[in-house]
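Protein chains: 2
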Amino acid sequence: MLAALRLRGWAKAPPAVKRCYSELNAPKAQTFKINSDRLWHDIHHTAQWSAPNATTEAGGLSRLSGTVYDKMARDWFRDQVTALGAKDYHVNGVGAQFATFAGEKDGIPPIAMGSHLDSVATGGRFDGPLGVIGALEVVRSMKEQGIKTHAPIALINWTNEEGARFFPPLGSSSVYAGQNSVAALHASQANDGSGETLGAALHSIGYVGEGPNTFETFPLSAHFEIHVEQQKSLERAGKPVGWVDGWHGISMFELTFHGEDGHANTYDMEGRRDTLVGASKVITEVERLAYSAKGRSTTTNIQSGPVGACNIQSWTKIVFCVMHPELAALEHMGRTAEEKARGIASEHGLGMEISRLLHLEPGTFWPEAVDCVKRACGDRGMGAPTLTAHDSTMTTLVCPTASVFARAKDGISHCAKEWSTQEDCAESALVLGKAVLNFDQLLKDGA
Amino acid sequence: MLAALRLRGWAKAPPAVKRCYSELNAPKAQTFKINSDRLWHDIHHTAQWSAPNATTEAGGLSRLSGTVYDKMARDWFRDQVTALGAKDYHVNGVGAQFATFAGEKDGIPPIAMGSHLDSVATGGRFDGPLGVIGALEVVRSMKEQGIKTHAPIALINWTNEEGARFFPPLGSSSVYAGQNSVAALHASQANDGSGETLGAALHSIGYVGEGPNTFETFPLSAHFEIHVEQQKSLERAGKPVGWVDGWHGISMFELTFHGEDGHANTYDMEGRRDTLVGASKVITEVERLAYSAKGRSTTTNIQSGPVGACNIQSWTKIVFCVMHPELAALEHMGRTAEEKARGIASEHGLGMEISRLLHLEPGTFWPEAVDCVKRACGDRGMGAPTLTAHDSTMTTLVCPTASVFARAKDGISHCAKEWSTQEDCAESALVLGKAVLNFDQLLKDGA
Numbered sequence: 156m157l158a159a160l161r162l163r164g165w166a167k168a169p170p171a172v173k174r175c176y177s178e179l180n181a182p183k184a185q186t187f188k189i190n191s192d193r194l195w196h197d198i199h200h201t202a203q204w205s206a207p208n209a210t211t212e213a214g215g216l217s218r219l220s221g222t223v224y225d226k227m228a229r230d231w232f233r234d235q236v237t238a239l240g241a242k243d244y245h246v247n248g249v250g251a252q253f254a255t256f257a258g259e260k261d262g263i264p265p266i267a268m269g270s271h272l273d274s275v276a277t278g279g280r281f282d283g284p285l286g287v288i289g290a291l292e293v294v295r296s297m298k299e300q301g302i303k304t305h306a307p308i309a310l311i312n313w314t315n316e317e318g319a320r321f322f323p324p325l326g327s328s329s330v331y332a333g334q335n336s337v338a339a340l341h342a343s344q345a346n347d348g349s350g351e352t353l354g355a356a357l358h359s360i361g362y363v364g365e366g367p368n369t370f371e372t373f374p375l376s377a378h379f380e381i382h383v384e385q386q387k388s389l390e391r392a393g394k395p396v397g398w399v400d401g402w403h404g405i406s407m408f409e410l411t412f413h414g415e416d417g418h419a420n421t422y423d424m425e426g427r428r429d430t431l432v433g434a435s436k437v438i439t440e441v442e443r444l445a446y447s448a449k450g451r452s453t454t455t456n457i458q459s460g461p462v463g464a465c466n467i468q469s470w471t472k473i474v475f476c477v478m479h480p481e482l483a484a485l486e487h488m489g490r491t492a493e494e495k496a497r498g499i500a501s502e503h504g505l506g507m508e509i510s511r512l513l514h515l516e517p518g519t520f521w522p523e524a525v526d527c528v529k530r531a532c533g534d535r536g537m538g539a540p541t542l543t544a545h546d547s548t549m550t551t552l553v554c555p556t557a558s559v560f561a562r563a564k565d566g567i568s569h570c571a572k573e574w575s576t577q578e579d580c581a582e583s584a585l586v587l588g589k590a591v592l593n594f595d596q597l598l599k600d601g602a
Numbered sequence: 156m157l158a159a160l161r162l163r164g165w166a167k168a169p170p171a172v173k174r175c176y177s178e179l180n181a182p183k184a185q186t187f188k189i190n191s192d193r194l195w196h197d198i199h200h201t202a203q204w205s206a207p208n209a210t211t212e213a214g215g216l217s218r219l220s221g222t223v224y225d226k227m228a229r230d231w232f233r234d235q236v237t238a239l240g241a242k243d244y245h246v247n248g249v250g251a252q253f254a255t256f257a258g259e260k261d262g263i264p265p266i267a268m269g270s271h272l273d274s275v276a277t278g279g280r281f282d283g284p285l286g287v288i289g290a291l292e293v294v295r296s297m298k299e300q301g302i303k304t305h306a307p308i309a310l311i312n313w314t315n316e317e318g319a320r321f322f323p324p325l326g327s328s329s330v331y332a333g334q335n336s337v338a339a340l341h342a343s344q345a346n347d348g349s350g351e352t353l354g355a356a357l358h359s360i361g362y363v364g365e366g367p368n369t370f371e372t373f374p375l376s377a378h379f380e381i382h383v384e385q386q387k388s389l390e391r392a393g394k395p396v397g398w399v400d401g402w403h404g405i406s407m408f409e410l411t412f413h414g415e416d417g418h419a420n421t422y423d424m425e426g427r428r429d430t431l432v433g434a435s436k437v438i439t440e441v442e443r444l445a446y447s448a449k450g451r452s453t454t455t456n457i458q459s460g461p462v463g464a465c466n467i468q469s470w471t472k473i474v475f476c477v478m479h480p481e482l483a484a485l486e487h488m489g490r491t492a493e494e495k496a497r498g499i500a501s502e503h504g505l506g507m508e509i510s511r512l513l514h515l516e517p518g519t520f521w522p523e524a525v526d527c528v529k530r531a532c533g534d535r536g537m538g539a540p541t542l543t544a545h546d547s548t549m550t551t552l553v554c555p556t557a558s559v560f561a562r563a564k565d566g567i568s569h570c571a572k573e574w575s576t577q578e579d580c581a582e583s584a585l586v587l588g589k590a591v592l593n594f595d596q597l598l599k600d601g602a
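Respectively, the protein sequence lines represent chains A and B. Position one of the first sequence corresponds to residue 156 (the working numbering), numbered consecutively onward. Position one of the second sequence corresponds to residue 156 (the working numbering), numbered consecutively onward.
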């Protein structure tokens with residue numbers, strides 16, 4: 156499990172790069188274009204690698220990490236970067252794919268663009284393939300337009316960002332940022348209680364490489380990522396793109412109640428130690444808490460036993476998360492949920508274990524990286540926070556990081572209905588490319 | 156699934172046997188004895204055939220139907236009845252084991268004693284092995300004491316009474332009583348959603364025989380069963396044994412909520428269609444209902460998805476049961492639970508499917524069979540209702556049936572702590588044997 160992260164905006168002071176809060180884009184960025192049709196084609200072409208189920212039939216994506224569908228998408232990514240002439244391609248110890256393209260000056264760490272090709276079980280086609288395929292499109296277009304950057308460029312497909320099949324989420328990027336070890340990530344457990352691990356799944360698809368795995372062994376000058384917004388800010392404002400000015404805090408908890416076995420029909424109501432009743436009360440309290448604290452909350456997993464037709468449930472495990480833009484309120488939500496759970500445990504005579512699996516404090520990205528995105532957006536964009544974690548909320552712990560939002564239809568995500576138009580996807584890739592070129596200019600000027 | 160059973164005390168009028176409400180036991184019953192040590196030994200000897208888990212370690216039993224442990228216990232039963240000289244032994248089409256021992260008059264249907272060797276996942280050693288092994292002990296003792304009955308005697312190990320691995324419960328006895336078909340029983344689905352079926356499991360352990368499967372093709376003169384009480388009536392009254400004068404009603408429901416996929420962190424609280432929140436509210440309402448209706452209720456199973464770390468739950472399925480001694484109140488509980496669920500579905504914008512999987516109306520056993528048990532108990536026993544269903548609540552639909560209670564420590568059942576003393580087990584077997592001899596005398600006198 157990811158040891159309770161306590162992340163702020165960044166873990167160390169930003170490096171001494173020359174800041175350039177110009178209103179203008181760098182010269183190379185001003186003329187940069189991308190191929191909208193090619194990007195759109197690839198988003199939908201790669202969506203074929205999806206588990207066949209109701210989500211796929213509805214036009215969504217079901218590509219859990221470490222599955223054969225994940226392998227197919229990974230192989231495609233490898234083939235694309237190889238064909239594009241990457242000077243280096245490697246898979247690291249936790250399955251992340253890194254492709255590096257030469258710059259004019261190869262002694263400096265690359266500027267990276269990355270996201271993830273895995274999805275949740277009932278996901279859409281954009282979170283996070285848009286971030287990977289958009290980045291690929293930027294490199295393709297740069298090559299076609301004869302744009303050579305000062306710094307090398309890296310394209311990254313991060314492993315198990317979603318945590319949908321194996322917990323924790325933010326898999327390889329958390330290892331990259333020093334928040335988790337390779338061994339711990341390999342031991343990531345299946346959410347369905349089957350006992351499968353991410354490490355075994357990655358081995359089974361041939362995606363455990365030699366490394367390097369961390370910022371220390373593979374430093375980046377910066378990391379940029381496109382993501383669908385997953386909220387309605389851009390849509391409401393009529394803006395196709397945005398710069399992400401920070402993220403809301405998230406705490407995830409695993410709660411297990413231990414009761415006592417007993418006969419479902421014959422046991423007196425008084426004296427029961429029914430864990431499913433207890434867990435149900437916690438779930439309704441956790442939902443109420445979101446309204447009273449003006450935050451958000453979700454119970455995302457429940458497992459209960461013994462499985463059968465005639466038993467009081469003697470153990471129930473739930474996973475829930477609370478979200479808030481303010482740290483004090485976030486921590487208050489977590490404490491309140493735990494207190495409510497303890498009260499319910501006491502009322503029903505239950506044993507209780509609770510652990511905070513993940514704690515991401517609210518924070519902001521690096522101002523000079525955000526500024527590069529902001530200039531790339533111009534008046535077509537606006538600032539908005541992200542309400543969840545991404546690979547960029549890990550890379551920002553170790554290197555200048557910023558993120559680009561693409562407008563999302565109705566703010567829907569993690570659903571087959573997730574949608575961004577061709578135009579909005581293209582504009583987000585254009586902003587990504589311009590932001591990288593802006594940052595590249597900063598490096599050139601400041602180095 | 157078992158098509159909503161609507162059972163009353165019996166489905167047709169009791170046959171025209173001569174009633175004999177004597178205070179005395181039949182002559183053969185008056186001297187009958189059983190071997191307490193042998194019975195106690197076999198209860199614990201056979202408990203070795205249990206899945207190795209925490210229940211087994213705690214002295215309980217985990218012998219789910221159709222598993223290798225079930226096969227081992229079945230093989231032992233087959234060997235015992237064969238060694239005892241059964242004139243007929245067969246396995247029927249749904250795995251029930253029938254052994255028949257000759258009487259003085261072989262043209263009449265046998266008097267049966269039976270129960271089940273399967274247990275719930277976290278069960279005890281007595282429910283229902285005591286019923287099978289106690290019956291076996293009666294036949295052994297009769298043989299040793301040279302007691303020959305008028306009617307033949309049948310020993311029965313019924314299949315999947317518990318419904319713990321595969322739904323519905325009361326497996327082979329429901330087929331015997333014409334409440335379910337062989338094909339439907341083979342199609343019984345695994346409660347864990349794995350898609351496994353009872354039929355495939357029975358085939359895998361070699362326990363699908365040729366039949367006969369029903370009362371029509373294998374009639375019984377009567378059916379008697381020992382069961383641990385699963386309540387505290389006998390314990391409170393200081394009685395080691397009891398006659399079961401009837402059963403409480405049970406309705407089981409399967410409820411599925413359909414909502415919408417969405418991101419756990421980013422989706423606005425307003426507008427969510429969170430099925431797990433909805434199901435949790437139903438579970439707490441179902442619990443409350445037991446108190447307000449002065450009945451009982453339990454939610455016995457929950458499954459929810461999509462499985463993952465970051466998704467609002469878009470489908471949740473629960474199974475719950477309500478119990479009451481009075482039919483009108485039972486049906487009111489069922490209707491109220493359904494109304495509450497519809498209100499919650501409406502509040503959360505959920506689609507809902509509900510079906511009543513099983514409906515057992517409260518009823519009573521056959522008076523002349525109960526009287527045989529009552530006389531066998533004498534002043535050592537008392538009458539008490541059972542609060543759940545047994546194989547006998549199926550056989551009573553087609554033939555005179557009664558049941559013997561053994562005192563249970565603290566009324567605990569479906570738990571490793573389930574316990575009856577050696578003395579109480581022995582006394583229940585003695586009552587079983589005497590009751591059979593009493594009924595045999597009725598048959599002899601009345602035939």
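The beta carbon of each residue, even a glycine, is placed where N, CA and C say it ideally should be. These numbers were taken from a predicted model, which means no experiment stands behind them.
Helix, strand or coil for residue i, going by three-state DSSP, please let me know.
i                      : result
residue 443 of chain A : helix
residue 217 of chain A : coil
residue 267 of chain B : strand
residue 311 of chain A : strand
residue 275 of chain B : coil
residue 195 of chain A : helix
residue 601 of chain A : helix
residue 232 of chain A : helix
residue 465 of chain B : coil
residue 260 of chain A : coil
residue 203 of chain A : coil
Hey, out of the options, whose CA is closest to residue i's CA?
i                      : options                       : result
residue 260 of chain B : B:560, B:410 and B:376        : B:376
residue 559 of chain A : A:300, A:268 and A:348        : A:268
residue 520 of chain B : B:545, B:533, B:504 and B:508 : B:545
residue 567 of chain B : A:452, A:578 and A:416        : A:416
residue 312 of chain B : B:547, B:564 and B:594        : B:547
residue 492 of chain B : B:409, B:300 and B:359        : B:409
residue 510 of chain B : B:482, B:411, B:337 and B:339 : B:411
residue 208 of chain B : B:217, B:202, B:323 and B:564 : B:217
residue 265 of chain B : B:292, B:596 and B:257        : B:257
residue 420 of chain B : A:476, A:368 and A:314        : A:476
residue 580 of chain B : B:262, B:394 and B:213        : B:394
residue 590 of chain A : A:473, A:562 and A:523        : A:523
Along chain A, in chain order, which residues have C-beta atoms closer than 9 angstroms to that of residue i?
i                      : result
residue 230 of chain B : Result: empty, since nearest Cβ-Cβ is about 24 angstroms, beyond 9 angstroms.
Can you give me the C-alpha to C-alpha distance between residue i and residue j, rounded to a whole angstrom?
i                      : j                      : result
residue 275 of chain A : residue 353 of chain A : 15 angstroms
residue 552 of chain A : residue 586 of chain A : 23 angstroms
residue 277 of chain B : residue 270 of chain B : 18 angstroms
residue 467 of chain A : residue 342 of chain A : 32 angstroms
residue 465 of chain B : residue 235 of chain A : 30 angstroms
residue 488 of chain B : residue 441 of chain B : 9 angstroms
Interface residues of chain A around residue i at Cβ under 8 angstroms?
i                      : result
residue 346 of chain B : 462, 463 and 464
residue 417 of chain B : 567, 568, 569 and 570
Residue i versus chain B: which residues are under 8 angstroms apart at the beta carbon?
i                      : result
residue 446 of chain A : 424
What does residue i touch in chain A if you count any residue whose Cβ is under 7 angstroms from its own?
i                      : result
residue 205 of chain B : Within 7 angstroms Cβ-Cβ: nothing; residue 205 of chain B doesn't reach chain A, min ~14 angstroms.
Point to revise | alpha helix (DSSP H) runs contained entirely in the region 488-556 of chain A, provided each spans 4 or more residues | key: 522-532 and 547-550
Review point. Which residue spans inside the region 357-425 of chain B form an unbroken alpha helix (DSSP H) run of at least 4?
Key: 388-392
Check your understanding: What are the uninterrupted segments assigned as beta strand (DSSP E) that are 3 or more residues long and contained completely in the region 294-352 of chain A, given in chain order?
Key -> 308-313
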